Amino acid sequence: MEMQLLYVEFKDHFAYQLKLIIYCNKPIALMLTMLETHHEGGTFALYSLLCRHAKIKTIPNQHRTDEELTTYSRSTFHEHSFAAKTKRWLEAYPFRKNSLLILVVIGTCMVIGDGILTPAISVLSASGGIKVDHPKMSNDVVVIVAVIILVGLFSVQHYGTDRVGWLFAPVVLLWFLLVGGIGIFNIWKYDSSVVRAFSPVYIYRYFRRRKKDSWTSLGGIMLSITGTEALFADLAHFPVSAIQLAFTVIVFPCLLLTYMGQAAYLMQNKEHVVDAFYRSIPDSIYWPVFIVATLAAIIASQGTITATFSIIKQALAHGCFPRVKVVHTSKKFLGQIYIPDINWILMVLCIAVTAGFRNQSQIGNAYGTAVVIVMLVTTFLMTLIMLLVWRCHWVLVLVFTFLSLVVECTYFSAVLFKVDQGGWVPLVIAAAFFVIMYVWHYGTVKRYEFEMHSKVSMAWILGLGPSLGLVRVPGIGLVYTELASGVPHIFSHFITNLPAVHSVVVFVCVKYLPVYTVPEDERFLMKRIGPKSFHMFRCVARYGYKDLHKKDEEFERKLFDNLFLFVRLENMMEGCSDSDEYSLYGQQTQHSANYLLRSNGNSTTGDNDFTCSTVDSIIPVKSPTQGNNTVTSSGHESSQAEADEMEFLNCSRDAGVVHILGNTVVRARRDSRFHKKIAIDYIYAFLRKICRENSVIFNVPHESLLNVGQIFYV
Numbered sequence: 000m001e002m003q004l005l006y007v008e009f010k011d012h013f014a015y016q017l018k019l020i021i022y023c024n025k026p027i028a029l030m031l032t033m034l035e036t037h038h039e040g041g042t043f044a045l046y047s048l049l050c051r052h053a054k055i056k057t058i059p060n061q062h063r064t065d066e067e068l069t070t071y072s073r074s075t076f077h078e079h080s081f082a083a084k085t086k087r088w089l090e091a092y093p094f095r096k097n098s099l100l101i102l103v104v105i106g107t108c109m110v111i112g113d114g115i116l117t118p119a120i121s122v123l124s125a126s127g128g129i130k131v132d133h134p135k136m137s138n139d140v141v142v143i144v145a146v147i148i149l150v151g152l153f154s155v156q157h158y159g160t161d162r163v164g165w166l167f168a169p170v171v172l173l174w175f176l177l178v179g180g181i182g183i184f185n186i187w188k189y190d191s192s193v194v195r196a197f198s199p200v201y202i203y204r205y206f207r208r209r210k211k212d213s214w215t216s217l218g219g220i221m222l223s224i225t226g227t228e229a230l231f232a233d234l235a236h237f238p239v240s241a242i243q244l245a246f247t248v249i250v251f252p253c254l255l256l257t258y259m260g261q262a263a264y265l266m267q268n269k270e271h272v273v274d275a276f277y278r279s280i281p282d283s284i285y286w287p288v289f290i291v292a293t294l295a296a297i298i299a300s301q302g303t304i305t306a307t308f309s310i311i312k313q314a315l316a317h318g319c320f321p322r323v324k325v326v327h328t329s330k331k332f333l334g335q336i337y338i339p340d341i342n343w344i345l346m347v348l349c350i351a352v353t354a355g356f357r358n359q360s361q362i363g364n365a366y367g368t369a370v371v372i373v374m375l376v377t378t379f380l381m382t383l384i385m386l387l388v389w390r391c392h393w394v395l396v397l398v399f400t401f402l403s404l405v406v407e408c409t410y411f412s413a414v415l416f417k418v419d420q421g422g423w424v425p426l427v428i429a430a431a432f433f434v435i436m437y438v439w440h441y442g443t444v445k446r447y448e449f450e451m452h453s454k455v456s457m458a459w460i461l462g463l464g465p466s467l468g469l470v471r472v473p474g475i476g477l478v479y480t481e482l483a484s485g486v487p488h489i490f491s492h493f494i495t496n497l498p499a500v501h502s503v504v505v506f507v508c509v510k511y512l513p514v515y516t517v518p519e520d521e522r523f524l525m526k527r528i529g530p531k532s533f534h535m536f537r538c539v540a541r542y543g544y545k546d547l548h549k550k551d552e553e554f555e556r557k558l559f560d561n562l563f564l565f566v567r568l569e570n571m572m573e574g575c576s577d578s579d580e581y582s583l584y585g586q587q588t589q590h591s592a593n594y595l596l597r598s599n600g601n602s603t604t605g606d607n608d609f610t611c612s613t614v615d616s617i618i619p620v621k622s623p624t625q626g627n628n629t630v631t632s633s634g635h636e637s638s639q640a641e642a643d644e645m646e647f648l649n650c651s652r653d654a655g656v657v658h659i660l661g662n663t664v665v666r667a668r669r670d671s672r673f674h675k676k677i678a679i680d681y682i683y684a685f686l687r688k689i690c691r692e693n694s695v696i697f698n699v700p701h702e703s704l705l706n707v708g709q710i711f712y713v
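Numbering (numbering that gives the first Met the number 0), first residue to last: 0 to 713.
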């Protein structure tokens, strides 16, 4: 009997037992390194990379200064190149941008489904070893043990992996050495001729003989390659070279050995096909292997949960997920985060899947469906990246896409036969998350468009005069807005309904860019709005999709440090900028800032952790050769004006800081279509109600918070 034929036929039955082995592909690389890198996997990370090289963001808040960041690298195209034509094709119509975003959201939803199914199948498979040694034990006991482990796993997520991460590498390494060694033992003991299964001729005979059945069996074999897609799912924890080394030297050889060992074991024990993995373990080391297997399952599940947190954080930065609290669990590694709300949702769904299916086979079918869809989405995004980012020749791109789709579409067609056998689970989960994410993004885009179209004109502000037509009370008002330019409509709503406004007003925009991280010294952009007598400024705080914005005293202190620094730098120039355009400093401004900070060591500007913008074009200070008297006079006036404004800002700051947050309510028009009313008036409104408030996300103290509400119709 052909070895490969038997091996493939049996794999459809016991592949789900081997899922635990396969899924350790990612944890072995993750735990062997635990290193930080400036790469990030995931569908939204690929989408962010594309957004830097093409104007495909559905929220048009890009600005030319963003492109001058050190982490904002982008390619330039020849006008007639295939990449340039592809870029223009994507940017031409909003429908294409939305279609690309929908594809990315679908892939993300499948990854979230992966985060639910992986802990379920890994822990349930490991717990199944108890029943193998005690055949009379009820399956309910196995499920209860799996549920207890899952509850414990999700309950300790808030501690992070920093304290116990050093244990992961030894455990997973020991796991692979054990399964590899057991495989060698079984090959030697039962049938060493199984190595002939490497010949592709046997799989050809298998397909020719079994026809449709062989095709559908690929849906079960999918589990033998799952884990490779998660291998690169959260590269924030380790470099690519570590993955390649770990997979090539340890993971892949050990997996081949354990598969061949189980195939050899089944040659003489065909009745054990359902639980071949545990049956093939020698009795003398059964329980030690069971303990290591359970620990490896927990580590594998931990890796997927962390990856789920990471990709939701990316979706949040792109405005595609409701506001949730994000907590950094490590001071060393930026990518290690914890999202409480998502953690408990994952736990409930994971327990429901485990207790609902009660067997690994159907969960395995569900897992295969999620994985192959993620692979298809990733392949499409990689095709665009090869064209727009790497600028590969279109022939090479075509070959890559064709070969990838041949393999992935083959598996996808086989997985479709498993939909009614559990494969529907990730589709339902993905559909629910897709509705949440897309409706939230739609509402976010509409809110931004409303802000853009209804922002206050500078002529109206100037017409009010320095007092803005109100009483200017001592203090600083921080007005939070999504606009990076212009005065938001919420401010006009505020001053027309209240009799007073603060003596200093700063419009704060927290903006996420399609980059991994924004360096600390490039985070803030400062600008003056209107004449100096108005005492109005704009601050744009820029973050990458892996950065955490936390509104606390440190953030507020750095904001004011940069405001004071901006005033000092501005007085070094001639004139000031009243336009909506920013400019990015460059080395000249940074050198000037360093000089100011050195010469004003006891001033309120503090450190120079952040850089600020100045006028549109930096105008050099007049040279002494142009007239010493003029220079002396203007320099004295400039110094006096600077001292007066700095004193005014300090007094205003001492008087108190108030955080003004806009609460814009979105409603569908009466003549809107039915599906739009459902999406906006019910789903989006419900999500807005249950998600975290901006004041909670920014940690704004209630005693200094002022909410300003308004309603607009879409």
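Where is the CB? At the ideal position from N, CA and C, for every residue including glycine. All of these numbers come straight from a predicted model, not from anything done at the bench.
Assigned with DSSP and collapsed to three states, Val171 falls in helix.
Here Leu402 is exposed, its C-beta having fewer than 16 other C-beta atoms within 10 Å. Only residues of its own chain outside the window of five on either side were considered, and among them Met136, Val140, Val141, Val144, Phe289 have a CB closer than 8 Å to the CB of Ile129, listed in chain order. The three-state secondary structure of Ser80, taken from DSSP, is coil. Cβ-Cβ separation between Pro118 and Ile304: approximately 7 Å, consistent with a contact (criterion under 8 Å).
For Tyr203 and Trp165, the gap between their C-alpha atoms comes out near 45 Å.
Taking a contact as a CB-CB distance under 8 Å, the pair Ala53 and Glu78 does not count as one, their CB atoms being some 15 Å apart. Look at Pro252 here: in three-state DSSP terms it is helix.
Looking at the backbone, the Cα of Gly474 and that of Arg527 are separated by about 17 Å.
When the five nearest sequence neighbours on each side are left out, the beta carbons in the same chain lying within less than 6 Å of the beta carbon of Val438 are those of Ala678, Ile682, Tyr683, in order along the chain. A Cβ-Cβ contact shorter than 8 Å links Gly182 with Leu256. By the CB criterion at 8 Å, Phe43 and His492 fall outside the cutoff. For Thr663, the number of other beta carbons within 10 angstroms of its own is at least 16, and it is reported as buried. Of all alpha-carbon atoms in Val376, Leu463, Ile344, the one lying nearest the alpha-carbon of Ala431 is that of Ile344. Between the region 386-397 and the region 171-190, the count of C-beta pairs closer than 8 Å stays below three; the two stretches do not touch. As DSSP reads the structure, Arg446 sits in no beta bridge.
Contact between the region 410-419 and the region 100-120 is absent: fewer than 3 CB-CB pairs across the two stretches fall below 8 Å. Between Cys253 and Gly302 the beta-carbon gap is near 17 Å, outside 8 Å, which marks them as no contact. For the 8 Å CB-CB criterion, Leu686 and His658 do not form a contact. For Leu152, there is no enclosing beta strand (DSSP E); the residue is found in the alpha helix (DSSP H) stretching over 138-154.
By the Cβ-count criterion, Glu407 is buried, with 16 or more other Cβ atoms from all chains shown falling within 10 Å of its own Cβ. DSSP places Met645 in the helix class (H, G or I) of the three-state scheme. For the pair of segments examined, the region 507-517 was found to touch the region 539-549: the number of CB pairs separated by less than 8 Å reaches three. For Ala241, the enclosing alpha helix (DSSP H) has its first and last residue at 239-245. Using a Cβ distance threshold of 8 Å, Ser300 and Val122 count as a contacting pair.
Excluding five sequence positions before and after Gln156, the CB atoms of its chain that fall closer than 6 Å to its own CB belong to Tyr337, Asn342, given in chain order. Per the C-alpha coordinates, the member of Asn60, Arg51, Asp680 positioned closest to Val509 is Asn60.
Taking 8 Å as the cut-off, the beta carbon of Met266 is found no closer than this to the beta carbon of Ile186. Closest in C-alpha terms to Arg522, from the list Thr85, Ser47, Leu68, Tyr46, comes Leu68. A direct Cα-Cα distance of roughly 7 Å separates Lys675 from Ala667. Assignment of beta-bridge partners to Tyr437 by DSSP yields no partner. In terms of Cβ geometry, Phe506 and Thr480 form a close pair [threshold 8 Å]. Distance between Ile350 and Asp113, taken at the CA atoms: about 14 Å. Tyr201 has its alpha-carbon roughly 16 Å from the corresponding atom of Ala263. The Cβ-Cβ distance between Met221 and Val371 falls below 8 Å. When C-alpha distances from Met109 are compared across Phe153, Ile428, Pro498, the shortest belongs to Ile428.
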